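Below you'll find the structure, written out as structure tokens, and then a few comments.
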Amino acid sequence: MRVYIAIAFEDTVEDYFDKITSSIKEHCTEGSFTRKNNFHLTVRFIGEVDDSQIDRLKEVLDKSVLKITPFELLVNNLGVFKRKNTNILWIGAEESPILSELHKELSILLQEYKIAFYDKRFMPHITLGRRVVFQENSKDLNDLIQFERIKIPVEAITLMASKEENGKLNGVPLYKVNLK
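If you count the sequence shown from 1, position 122 lands on 121 in numbering that gives the first Met the number 0, and the numbers rise without skipping.
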């Protein structure tokens with residue numbers, strides 16, 4: 000099972016991302032865009048695990064949030080990760096000391112619990128689309144697409160699994176920890 004630790008969003012926040020994605024689609028010739036129920040911010044990607052590791056991951060999640068209180072993410076800009084001839088389109092979140100601390104704490108605990116994870120530089124973002132190809136006249140997304148930069152309340156962290164349903168990958172919550 001492919002798992003990750005993420006911030007899942009309420010329906011109103013998913014509606015917000017869906018609206019931005021709809022605006023972006025008007026400037027694209029192709030792409031696979033994130034469906035409304037799949038928007039999330041990955042705090043730590045784990046990868047493939049077997050069922051025996053899920054209980055240990057729950058313990059890691061419980062311990063990682065002991066010093067973390069609810070906080071807010073501020074959405075700030077659109078960006079693209081270049082992948083060969085296509086793009087991964089995302090919306091970024093401003094640097095957050097609390098989010099950075101959570102990311103660091105998860106890394107430490109995963110190492111202590113001897114659970115392997117992908118250790119890439121952390122750049123908080125929400126993926127809006129993959130294999131996105133823009134029309135020629137669509138150069139600077141932040142000038143092209145107007146959106147309100149909102150604050151998103153974060154009150155829980157969730158262990159998620161990527162599961163295929165009807166030929167599409169969906170993020171399925173396995174375990175949720177509320178911040179105190």
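For glycine and all other residues, C-beta sits at the position ideal for the given N, C-alpha and C.
It should be emphasised that the depicted structure is a prediction, and the values quoted were computed from it without experimental measurement.
Nearest residue (CA-CA) to residue i, options the options
| i | options | result |
| --- | --- | --- |
| D54 | Y112, L98, G30 and I125 | Y112 |
| I92 | Q134, C27, R34 and P123 | Note on identity: in this sequence residue 92 is Ala, with Ile being the wrong assignment. Cα-wise, what sits closest to A92 is P123. |
| W89 | Y174, N75 and V79 | V79 |
| L143 | F133, P152, I151 and I6 | F133 |
| N84 | V131, F70 and E154 | V131 |
| K35 | Q52, V42 and Y15 | Y15 |
| A115 | G46, E100, I87 and I19 | G46 |
| I87 | E154, S95, C27 and V153 | C27 |
| E71 | K81, I6, R82 and F146 | I6 |
Cβ-Cβ distance between residue i and residue j below 7 Å
| i | j | result |
| --- | --- | --- |
| L140 | L77 | yes |
| T68 | L127 | no |
| K179 | N169 | no |
| R148 | V74 | yes |
| I97 | V12 | no |
| Y117 | F38 | no |
| I156 | V171 | no |
| I4 | L158 | yes |
| R129 | S51 | no |
Identified DSSP bridge partners for residue i
| i | result |
| --- | --- |
| E163 | L168 |
| L158 | I4 and Y174 |
| K150 | L73 |
request  = Check whether the stretch 53-68 touches the stretch 99-110, taking contact to mean three or more Cβ pairs, one atom from each stretch, closer than 8 Å.
outcome  = yes
message = Please give the ranges of any beta strand (DSSP E) in the stretch 48-134, keeping only runs that are unbroken, at least 3 residues long and fully inside the region.
response = 70-82, 85-92 and 124-133
query = Any chance the stretch 115-122 sits against the stretch 15-24, with 3 or more Cβ pairs inside 8 Å?
reply = no
request  = At 3 residues or longer, and completely inside the stretch 10-45: list those beta strand (DSSP E) runs for me, N to C.
outcome  = 27-32
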